[in-house]
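For the sequence shown, numbering that gives the first Met the number 0 begins at 0 and goes up steadily by one.
These notes concern the structure reproduced below.
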Amino acid sequence: MRAEEETTRQRIADRLRDDPAPAGALAREFGVRTATVFSHVEHISKSLDPSDEQLLAAPPECRDCGFTDFDDLINRPSRCPECKSESVDEPVFTIE
C-alpha cells in the first residue's frame, strides 16, 4: 500500500515501529489533535497481534516530583496525583 493510501492510524503505527514518540509529537507530525492520537494509539494496541508485536508505553512522568505510577498509560494526565503539579510529561509510545 502506498503511503498516500494509508490511514492516519496506519501511518502512526508505522511511525511507532520506527521510533518512540509522545502523542503531542505525533499530533503535530500527522496534523491531528492530541486526543485523536490517543484514540488511534488505543485502537492500535488492540489491533496488534500479541504474538508478533506489542505497543509499549513509557508512563507519563511528573517533572516536579518524578511520580510515574499513573493509572492510565494511554492518556496524558492533567496533573500529578502526588504533588498536584500540572507539569507532567506525556507518555511515550513505541511498537516492538
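For every residue, glycine included, the Cβ atom is placed at its ideal position computed from N, Cα and C.
Only a predicted model underlies this, so the values are computations on that prediction, with no experimental measurement involved.
Asked, Found
"Looking only at C-alpha atoms, which of Val91, Glu60, Ala12 sits nearest to Cys82?", "Glu60"
"Count the other CB atoms within 10 Å of the CB of Glu85; is the residue buried (16 or more) or exposed (fewer)?", "exposed"
"Between which two residues does the alpha helix (DSSP H) carrying Leu72 extend?", "Looking at the DSSP string, Leu72 is not in any alpha helix (DSSP H), and its letter there is neither H nor E."
"Within the continuous alpha helix (DSSP H) that includes Leu25, where are the two ends?", "22-29"
"Would you kindly check if the distance between the Cβ of Thr67 and the Cβ of Pro76 is under 7 Å?", "no"
"Classify Leu55 as helix, strand or coil using the three-state DSSP reduction.", "strand"
"Please list, in chain order, all residues of the same chain as Ile105 whose beta carbon is under 8 Å from its beta carbon, the five residues on each side excluded.", "Residue 105 lies beyond the stretch modelled for the chain, which goes from 0 to 95, so this question has no answer here."
"Once DSSP output is grouped into helix, strand and coil, what is the label at Asp13?", "helix"
"Contact defined as beta carbons within less than 8 Å: I believe Glu89 pairs with Ala22. What is the distance between those atoms, to the nearest angstrom?", "5 Å"
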